[in-house]
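In our numbering, the protein residues as written are 1057 to 1720.
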Amino acid sequence: MNRAFSPERRADLLVKQMTLDEKVAMVHGVKPIPVKGYVGYVPPVERLGIPALTLADGRAAVGNGARDITLFPAPIAAASSWDVSLLAEYGRELGQEQWQKGTNVELGPTIDVVRVPEWGRTFESYGEDPYFNSRMAVAEIEAIQSQGPIADANMYVAMQQESNRFKEDSRVDERTLEEIYLPPFAAAVREGHVGTFMCAYVKTNGVYSCENDFLERGVLRQQFGFDGWVMSDWGATHSTIDSALHGLDQEMPDDKFYGASLKAAIEKGEVSTAALDDHVRNILVTMFRQGLFDKKQTGTWASNARRPEHDAFSRYAAEQGTVLLKNDKGILPLAPGTSIAVIGTSGGKTPKALGGGSSNANPPYIVSPFDGIAKRAGSADKVTYADGTDLIAAARDAHNADVTIVFANTAETEGSDRPDLTLPNNQDALIAVVAAAAKKTIVVLNTGGPVLMPWIDKVAGIVEAWYPGQEDGNAIAAVLYGDVNPAAKLPLTFPHTADQIPTPSKEQWPGVDGQSQYSERLNIGYRWYDANNVAPLFPFGFGLSYTTFKVSHLAVSPATADAAQAITVIVDVSNTGSRKGAEVVQVYVGHPPANGEPPHQLRAFAKVELNPGETKTLTLTIDGDSFSIYDESIHRWAHMPGSYEIFAGTSSRDLPLHAAVQEQ
Ligand code: BGC
């Protein structure tokens, strides 16, 4: 308990005092959980002053049935702000509520790169780009841990589908793994100083994640220098000896493999005491580092974690995450006095504010879009509501209103992928019927990922509001009426058609004979569309505003750089419209063809607010490692000399400015 000692020294001293039973008890959860709440629990060791570990889910709210919490927008919505300071606030408020609830390990964030657009957990993640996800992950992890709980970055790794998730084997080559799927996890260690990782249900190249030596000991420990602990996803442990020898520190949620069987394996010498000590030490070092031995945590599961500021931030985050995709003839923002027909179940009766599975939560309230719009419209305007189950009634409302707003949704959840990207429950037909009857139609989507839009030419406006959390109706009303000028951008690509996506074959997803072939290799997300020269419906990085912007005067320095040298990018951005607004300037790097990389890849971005007519000069940094590739022949990253192109613009498909950098 001497705080003057380092966490490592304290852990070493403590491990020496522990009996075999105490050590074994440290490396697994217990079921049933003896205290109320939490989804994972490791009992305290009172004799030695080791506190209990209390683990709770929480991607957009404290989960596991907790009451008196705030429901924030889904992570994909928060990430659509492209604002790392927003993600930091998101993490702070989530971490604060967890700590208040007595949680000391928060099971989040989900940082996996989205590969398959149908993936049921897309809404839990940030998007389809490794660099983008890394930035978001670092901001959220640091913020969670600043509030008390240890963050648990998940799911490690190559966990990109729910179909067959307990057995699926992700067949992915080493270069693709290193360049696409591992970077957020590397950043979580090196920059986010994350305390724990959750190893995934799936196998990677034939070996379950939680006993995968290459992933756990090779990549995490040796390559990234991780010294926290790896816990298994709930039921993702498959062995005692293999897991204990190949990197799993802690089994969750119970002791199927790490209880009596681990003790027996140690007594028989099949697993050494030194190996067990390492696992225990990884847990204790992290607990010491995070202050769990030194800080008193007074909150319990029954505590009220809500605060008025959190309601306000939930709304702010939803507004900042709402992406304006189409706005023909300036139909938005809505003019005062407009009569409105709100249509669709998620527009009124059953708002779609959160995703399913371990992200499920008990929000204190959900403002429905109809309530939010009616309140904002005031008494002067007429706002009607029809859930759309009666097509004739919906068409009549639409016909009578100046503007019709159809709310369409998907019910995305952990545990299953969507069968395809079509809106379910005949919502495409509803939109088509309503659009034919309406004077002007706006579609608001409450989805966790992309959907197809066969009706796109029949509607004047489209807004992607994701799963917006408890302030759903207030946030969408603020955007539709222009109280907030939308400034969000898509963190993943929306395709035109089902077969346009990077993973169209069964072999890729959901897999054949239990294997999913990552045969698209580096070309996931926008990389695929660019490499194949096909225009998506809405590209990665795209999002409209009620004003307009222009980027100009790109300059990069130095124009000739050495290995690992960072490049400074200077670019002007101007608000060329008549409203205050914010733009996200995006910088992509194009490798020399010999490197065999996708055409261009995001390597820097910055969001800036501008008054009408205002110009600001932005300075961004491209890290030196942007000019490397993973060389499979030496199993290492290698800096690659050659001529690189730097592109700047406002989406992955709108990059008007180019410059060159010569890497030596
Ligand atoms: C999920 C994890 C979650 C755990 C505990 C698992 O099914 O994959 O993300 O943290 O359950 O609820």
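Ideal placement from N, C-alpha and C gives every residue a C-beta, glycine not left out.
Residue i Cβ short of 6 Å to the ligand BGC heavy atom set
i       : result
Asp1289 : yes
Leu1163 : yes
Ser1414 : yes
Val1095 : yes
Asp1113 : yes
For residue i, three-class secondary structure by DSSP
i       : result
Ser1601 : coil
Trp1584 : helix
Phe1760 : A question about residue 1760 goes unanswered here, because the residues of the chain that appear run from 1057 up to 1720.
Asp1628 : strand
His1335 : helix
His1609 : strand
Arg1065 : helix
Arg1227 : strand
Met1308 : coil
Lys1259 : strand
Tyr1372 : helix
Gly1428 : helix
Met1057 : coil
Arg1659 : strand
Val1275 : helix
Phe1596 : coil
Trp1522 : coil
Gln1073 : helix
Glu1639 : strand
Met1509 : coil
Member of the options whose CA lies at the smallest distance from the CA of residue i
i       : options                            : result
Trp1290 : Leu1318, Glu1230, Lys1431, His1084 : His1084
Ala1122 : Val1489, Gly1274, Pro1419, Thr1677 : Pro1419
Met1696 : Gly1705, Phe1683, Phe1703, Ile1690 : Phe1683
Ala1368 : Arg1474, Gly1393, Asp1269, Pro1524 : Pro1524
Gly1669 : Ile1461, Thr1440, Gly1274, Thr1632 : Thr1632
Leu1578 : Glu1162, Glu1184, Val1086          : Glu1184
Arg1065 : Phe1344, Glu1365, Pro1392          : Phe1344
Arg1231 : Gln1718, Leu1711, Pro1654          : Pro1654
Leu1447 : Ala1116, Val1489, Arg1362, Ser1707 : Val1489
Tyr1700 : Asn1667, Val1161, Pro1648          : Pro1648
Leu1163 : Ala1209, Tyr1146, Ser1295          : Ala1209
Val1398 : Lys1259, Leu1610, Ile1429          : Ile1429
Glu1218 : Gly1413, Ile1106, Ile1322, Asn1261 : Gly1413
Pro1558 : Gly1386, Tyr1585, Gln1353, Lys1087 : Tyr1585
Ile1396 : Ala1494, Ile1702, Lys1545          : Ala1494
Straight-line gap, residue i to residue j (C-alpha atoms, nearest Å)
i       : j       : result
Asp1437 : Thr1549 : 36 Å
Ala1531 : Val1379 : 12 Å
Asn1482 : Thr1445 : 10 Å
Val1515 : Lys1408 : 21 Å
Thr1603 : Asp1628 : 17 Å
Leu1340 : Asp1283 : 11 Å
Ala1256 : Asn1651 : 31 Å
Thr1110 : Ser1202 : 17 Å
Gly1325 : Pro1099 : 26 Å
His1714 : Val1423 : 45 Å
Ala1622 : Thr1675 : 12 Å
Phe1313 : His1335 : 14 Å
Gly1538 : Ala1662 : 23 Å
Ala1543 : Thr1401 : 26 Å
Pro1389 : Ala1533 : 10 Å
Glu1688 : Trp1357 : 48 Å
Ser1136 : Val1080 : 43 Å
Gly1733 : Val1612 : As displayed, the chain neither begins before 1057 nor continues past 1720, which places residue 1733 out of reach and without an answer.
Phe1596 : Tyr1582 : 6 Å
Val1459 : Ala1492 : 12 Å
Gly1147 : Ser1370 : 12 Å
Ala1464 : Ala1704 : 34 Å
Lys1431 : Ile1167 : 37 Å
heavy atom of the ligand HEM below 6 Å from residue i C-beta
i       : result
Asp1310 : The ligand HEM is not among the ligands present in this structure, which contains only the ligand BGC.
Cβ distance (whole Å) where residue i is taken to contact residue j below 8 Å
i       : j       : result
Glu1272 : Gly1248 : That pair is no contact at about 18 Å.
Ala1373 : Val1118 : The pair is not a contact, with the Cβ atoms about 16 Å apart (cut-off 8 Å).
Ala1451 : Leu1508 : Not confirmed; about 23 Å, so no contact.
Pro1165 : Glu1196 : 5 Å
Phe1253 : Val1286 : 5 Å
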